[in-house]
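S.K.: The structure is given below, and queries will be raised subsequently.
Number of protein chains: 2
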Amino acid sequence: MSTIEELKDRIKELENELLRCKEGHHTSGGGELLHRPRIEKMSAEVVDSNPYSRLMALKRMGIVEDYEKIRTFSVAVVGVGGVGSVTAEMLTRCGIGKLLLFDYDKVELANMNRLFFQPYQAGLSKVEAAEHTLRNINPDVQFETHNYNITTVDNFSHFMDRISNGALEEGRPVDLVLSCVDNFEARMAINTACNELGQIWIESGVSENAVSGHIQLIIPGETACFACAPPLVVAANIDEKTLKREGVCAASLPTTMGVVAGLLVQNVLKYLLGFGSVSYYLGYNAMKDFFPTMTMKPNTQCNDVHCRKQQEEYKKKEAAKPKQEQLTEEEEKVIHEDNEWGIELVSEITEEELKAASGPVPNLPEGITVAYTIPNKEDASANGESVQESDKSLEELMAQMRRM
Amino acid sequence: MSTIEELKDRIKELENELLRCKEGHHTSGGGELLHRPRIEKMSAEVVDSNPYSRLMALKRMGIVEDYEKIRTFSVAVVGVGGVGSVTAEMLTRCGIGKLLLFDYDKVELANMNRLFFQPYQAGLSKVEAAEHTLRNINPDVQFETHNYNITTVDNFSHFMDRISNGALEEGRPVDLVLSCVDNFEARMAINTACNELGQIWIESGVSENAVSGHIQLIIPGETACFACAPPLVVAANIDEKTLKREGVCAASLPTTMGVVAGLLVQNVLKYLLGFGSVSYYLGYNAMKDFFPTMTMKPNTQCNDVHCRKQQEEYKKKEAAKPKQEQLTEEEEKVIHEDNEWGIELVSEITEEELKAASGPVPNLPEGITVAYTIPNKEDASANGESVQESDKSLEELMAQMRRM
């Protein structure tokens, strides 16, 4: 028969185990409950226990030359919502070296119509909940999370510091910044930071009616930045007034967000591992299963001083290249004649169809539209106010974009 | 001071709680550990605690007329792997009425490069592991799982029985069957069952090199079935010999599979809820971000007797329609002239480009190719054997398809 002391010890033991269970399964605690051991070196061995066999097979298939290289890359994901969480999960499962996650939101039951988060995580911060799930999925990935809003002054400078120094090797910049945010200010903050740092990033977005989305690769100085031209979106045709009413929220679907995250991470893999062709702009219209693509040159009149500086740098770099290389690149690039907005079409739209598209917006492939129109400068001057002076219309624009 | 009996009771209590914890979080046990209560009626109220607010918003946005209708539908998902698991998760989060899951595989660490399953589930059957996760995500959905291979004789007839009778209201057929399997036999089994039952289904697939995929809606009698024409795939260009070597496995990516699942479920939602245009065939080429679409008429010479019967039924139904309706439908349908394969192109390819594509295969939009070619009947007769008699080449075909 057991003594009272023995029974008490058993109770203590069970209580501790229960605590670890409750913590461990859902929050993974201090990392002591990892569900698979870390793997030092990626192997191509075809056994059921190898989580990398199907990825390493990309080498044998002739798709990727050096898949293991994925472990050397660091990617920042800003916004861990419907698109960002799935983006982070895909990169984690692909075995990315390091992920830096930025978000200041909490998980809510209202997020359950999108992939990734589960009801038991309601109330946790998104970055914390995401890190725990992702660490369980792949303990080989390094995580760094920041539970704050990047648009406030202090946080913005910390954000700048982390994307410039937060790679696997501290002090080196991350390889890519992915914008998975849902508002205009956050996109502009990322744009400002990346222009200043010359940091390549990919913007993503889903419309308020949940049936269209896009991704856009931005290489400071080389392609249009977010401030160069009105942000492009796949036509949504929502009545803005609908959204202004009290108690009204945007729609969302796990399908559209999953597709956008998939196209985004596919572009990331192609860019980092050097296979296929990387898309500059890729839209998704779910109503018609239509996927417009295009590229856009930077605007020499861009309001962002750092964008203009990056453009100068890029021109110098291009001019310094040997003549032969320049020619080849030029030949490849000029598929269609440039229009006044410097937009090059890569989609199958004809010149006639392009010309048929009129109005105060740049000529765009069918199905793509601008999120807002920039007032014509001449018209504005005639009315005695420039774009910068027109505070009210800018506010309206901001309000409109905030709900994107 | 506690008595020995009291201490023993406490131990029992803790042991039970620990068991529930261990089961509950990862396997949800008998359903007693649901992480949110069931919701009787979908509400559009915009509060953080409402998991349906962002879906019900589709009504206010003018996208879907009656979103609540989603709860009346039953969908069978055959194959709960890289595409099927994400497909089931998306439908669960959308609040589908009932899901029937079919698979006979176990979760392995080698599956961790795709979304959904987690390392702690390794060793569990896929349908069991999926059901538990999905039930935690949305307890409003009804689940029915079958841990078997649908291609064996007994299982096939049980499979037929469940898709004809397993809807929310027992005795009624499911609304859709989704093929998310990874081999030829299983696809053919689904095709045979659906032709016999006149059951509408959607086929999906991802190439062995992981960088292309497709979905194809099959309406028995109205569109080509899987036996009508060689199955179409987005060009993969893999050296078949590579795959035949010992210890070689197909590559896979969470991105491609996530995109294909997203496009598949989007098509399901459009079909069931009646919005946008439903795609008959939609391909995805990840290397080029190219998405070909098309439709295919059934083959009047199809080997499947039930397909031919369904074609007769369809013709009768069409003939019985009032003349005006027929005309309108015909006008809408004939976008391009039919070619010998009855393939109608919906993509932007020109007739000239189409004609330029030659060889012993049907004229297809750029980037789409057939998974195998059917030997020319005249040639085969000249050699004294028909397609059906040529056992060896059929076996070769099967072997080839098995690895798809």
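Listed in order, the protein sequences are those of chains A and B. So the first sequence is numbered by my numbering: it starts at -16 and just counts up by one. So the second sequence is numbered by my numbering: it starts at -16 and just counts up by one. C-beta: ideal position from N, C-alpha, C; glycine also.
Residue range of the beta strand (DSSP E) that A:LEU200 falls in?
M.R.: If you number the first sequence from 1, residue 200 of chain A lands on position 217. Note, A:LEU200: beta strand (DSSP E), 195 to 201.
S.K.: Where do the N-terminal and C-terminal ends of the beta strand (DSSP E) with A:MET277 fall, by residue?
M.R.: Stepping through the first sequence from its first residue, residue 277 of chain A is reached at position 294. Residues 276 to 279.
S.K.: Report yes if the CB atom of B:ALA212 is closer than 7 Å to the CB atom of B:ASN282, and no otherwise.
M.R.: One-based indexing of the second sequence puts residue 212 of chain B at position 229. One-based indexing of the second sequence puts residue 282 of chain B at position 299. The answer is yes: Cβ separation under 7 Å.
S.K.: Between the segment 21 to 41 of chain A and the segment 202 to 212 of chain A, can you find at least three pairs of beta-carbon atoms closer than 8 Å?
M.R.: These segments do not touch.
S.K.: Closest to B:ARG54 by CA distance: which of B:TYR103, B:GLU0, B:LYS89 and B:ASN121 is it?
M.R.: The sequence position of residue 54 of chain B within the second sequence is 71, counting from 1. Nearest of B:TYR103, B:GLU0, B:LYS89 and B:ASN121 to B:ARG54, Cα basis: B:ASN121.
S.K.: Would you kindly check if the distance between the Cβ of B:LEU(-10) and the Cβ of A:LEU(-10) is under 7 Å?
M.R.: By one-based count along the first sequence, residue -10 of chain A stands at place 7. By one-based count along the second sequence, residue -10 of chain B stands at place 7. In this structure, B:LEU(-10) lies closer than 7 Å to A:LEU(-10) by Cβ.
S.K.: Note down the Cα distance separating A:ALA93 from A:LEU1, rounded to an integer number of angstroms.
M.R.: Indexing the first sequence from 1 puts residue 93 of chain A at position 110. Indexing the first sequence from 1 puts residue 1 of chain A at position 18. Each residue's alpha carbon lies about 30 Å from the other.
S.K.: On the CB-based measure, 16 or more other CB atoms within 10 Å of its CB, does B:VAL136 come out buried or exposed?
M.R.: Numbered from its first residue, the second sequence carries residue 136 of chain B at position 153. Looking at its Cβ environment, which holds fewer than 16 other Cβ atoms inside 10 Å, B:VAL136 is exposed.
S.K.: Helix, strand or coil for B:VAL30 per DSSP?
M.R.: Along the second sequence, one-based indexing puts residue 30 of chain B at 47. Note: B:VAL30 maps to coil in three-state DSSP.
S.K.: Tell me the rounded alpha-carbon separation between A:ASP(-8) and A:ASN(-1).
M.R.: Taking the first sequence and counting its residues from 1, one reaches residue -8 of chain A at position 9. Taking the first sequence and counting its residues from 1, one reaches residue -1 of chain A at position 16. Straight-line Cα distance between these residues: approximately 11 Å.
S.K.: Under 7 Å, CB to CB, which of the residues in the segment 38 to 63 of chain B have a partner in chain A?
M.R.: Answer in chain order: LEU38, ALA40, LEU41, ARG43, MET44 and ILE46.
S.K.: Residues in the same chain with beta-carbon distance under 8 Å from A:HIS9, minus the five sequence neighbours each way, listed in chain order, please.
M.R.: Your numbering for residue 9 of chain A matches position 26 in the first sequence. Model confidence at A:HIS9 stands at a pLDDT of 45, short of 50, so the residue's coordinates are unreliable; what they give is reported in the following sentence. Closer than 8 Å at the Cβ level, and outside the excluded window around A:HIS9, lie TYR103, GLN104 and HIS115.
S.K.: Whose C-beta lies closer than 7 Å to the C-beta of B:ASN132 among residues of the same chain, with five residues either side of it excluded?
M.R.: As a first step, residue 132 of chain B must be located in the second sequence, where it is residue number 149. Cβ within range, chain order: TYR87 and ASN138.
S.K.: Less than 7 Å separating the beta-carbons of A:ILE79 and A:VAL58?
M.R.: As a working note, residue 79 of chain A is residue 96 in the first sequence. As a working note, residue 58 of chain A is residue 75 in the first sequence. Yes.
S.K.: Cβ atoms of B:LEU236 and B:ALA193: under 7 Å apart, would you say?
M.R.: In the second sequence, the residue the question calls residue 193 of chain B occupies position 210. In the second sequence, the residue the question calls residue 236 of chain B occupies position 253. Yes, the Cβ-Cβ distance between B:ALA193 and B:LEU236 is below 7 Å.
S.K.: For B:GLN125, which beta-bridge partners are listed by DSSP?
M.R.: In the second sequence, residue 125 of chain B corresponds to position 142, counting from 1. According to DSSP, which records beta bridges pairwise, B:GLN125 is partnered with B:LYS81.
S.K.: At a CB distance below 8 Å, what residues from the segment -11 to 2 of chain A approach chain B? Give them in sequence order.
M.R.: Flagged, chain order: LEU(-10), LYS(-9), ARG(-7), ILE(-6), LEU(-3), GLU(-2), GLU0 and LEU1.
S.K.: Based on the DSSP secondary-structure assignment, which residues constitute the bridge partners of B:VAL160?
M.R.: Within the second sequence, the letter at position 177 stands for residue 160 of chain B. Answer is B:ALA59 and B:TRP184.
S.K.: Which whole-angstrom value describes the C-beta separation of A:TYR267 and A:HIS197, a residue pair presumed to lie in contact below a C-beta threshold of 8 Å?
M.R.: Position 284 of the first sequence holds residue 267 of chain A. Position 214 of the first sequence holds residue 197 of chain A. A:TYR267 to A:HIS197, Cβ: 7 Å. Contact.
S.K.: Below 8 Å on the Cβ atoms is my contact criterion, and I expect A:GLY390 with A:LEU98 to pass it. Report the Cβ-Cβ distance as a whole number of Å.
M.R.: With chain A running from -16 to 387 in the structure shown, residue 390 of chain A is simply not present.
S.K.: According to DSSP, is B:LEU265 helix, strand or coil?
M.R.: For the purposes of this step, residue 265 of chain B is identified with residue 282 of the second sequence, where counting begins at 1. Looking at B:LEU265 - three-state DSSP - the assignment turns out to be strand.
S.K.: Taking 7 Å as the CB-CB limit, is B:GLN101 close to chain A?
M.R.: Start at 1 with the first residue of the second sequence, and residue 101 of chain B comes out as number 118. By this cut-off, B:GLN101 is an interface position.
S.K.: Under 7 Å between C-beta atoms, does B:GLU91 make it to chain A?
M.R.: Taking the second sequence and counting its residues from 1, one reaches residue 91 of chain B at position 108. Closer than 7 Å: yes.
S.K.: So B:ARG155 and B:HIS129 are supposed to be a Cβ contact under 8 Å. How far apart are they, rounded?
M.R.: As a working note, residue 155 of chain B is residue 172 in the second sequence. As a working note, residue 129 of chain B is residue 146 in the second sequence. B:ARG155 to B:HIS129, Cβ: 18 Å. No contact.
S.K.: Report the residue ranges of all beta strand (DSSP E) runs contained in full by the segment 88 to 133 of chain B; include only those spanning at least 3 residues, in chain order.
M.R.: Runs found: 125 to 129.
S.K.: Measure the beta-carbon distance from A:ALA234 to A:CYS290 and round it to whole angstroms, keeping in mind my assumption that it falls under 8 Å.
M.R.: The residue labelled residue 234 of chain A in the question sits at position 251 within the first sequence. The residue labelled residue 290 of chain A in the question sits at position 307 within the first sequence. The Cβ separation is near 33 Å, so there is no contact.
S.K.: B:TYR35 versus chain A: which residues are under 8 Å apart at the beta carbon?
M.R.: The residue you call residue 35 of chain B lines up with position 52 of the second sequence. Here the neighbours are ASN96.
S.K.: Taking only beta-carbon positions, decide if A:PHE274 is within less than 7 Å of chain B.
M.R.: Counting from 1 along the first sequence, the entry for residue 274 of chain A is found at position 291. Judged by the 7 Å Cβ criterion, A:PHE274 is in contact with chain B.
S.K.: Taking C-beta pairs closer than 9 Å, name the residues in chain B that A:GLN199 reaches, listed in chain order.
M.R.: The count along the first sequence starts at 1 and reaches residue 199 of chain A at position 216. Result: empty, since nearest Cβ-Cβ is about 13 Å, beyond 9 Å.
S.K.: Establish whether the CB of A:GLY241 and some CB of chain B are separated by less than 7 Å.
M.R.: Stepping through the first sequence from its first residue, residue 241 of chain A is reached at position 258. Judged by the 7 Å Cβ criterion, A:GLY241 is in contact with chain B.
S.K.: What did DSSP end up calling B:VAL189 once you bin it into helix, strand or coil?
M.R.: By 1-based counting over the second sequence, the position of residue 189 of chain B is 206. Strand, per DSSP.
S.K.: Are the C-beta of B:ASN192 and some C-beta of chain A separated by less than 7 Å?
M.R.: Taking the second sequence and counting its residues from 1, the one referred to as residue 192 of chain B is at position 209. Yes, its Cβ sits closer than 7 Å to a Cβ of chain A.
S.K.: Any beta carbon from chain B within less than 7 Å of A:LYS300's own beta carbon?
M.R.: On the first sequence, residue 300 of chain A is found 317 positions in, with the first residue counted as 1. No, A:LYS300 does not count as interfacial toward chain B.
S.K.: Report yes if the CB atom of B:VAL189 is closer than 7 Å to the CB atom of B:VAL243, and no otherwise.
M.R.: Reading the second sequence from its first residue, position 206 is the one you call residue 189 of chain B. Reading the second sequence from its first residue, position 260 is the one you call residue 243 of chain B. Yes, they are a contact pair.
S.K.: Straight-line CA distance for B:VAL69 to B:GLY245?
M.R.: Start at 1 with the first residue of the second sequence, and residue 69 of chain B comes out as number 86. Start at 1 with the first residue of the second sequence, and residue 245 of chain B comes out as number 262. Their backbone Cα atoms lie some 8 Å apart in a straight line.
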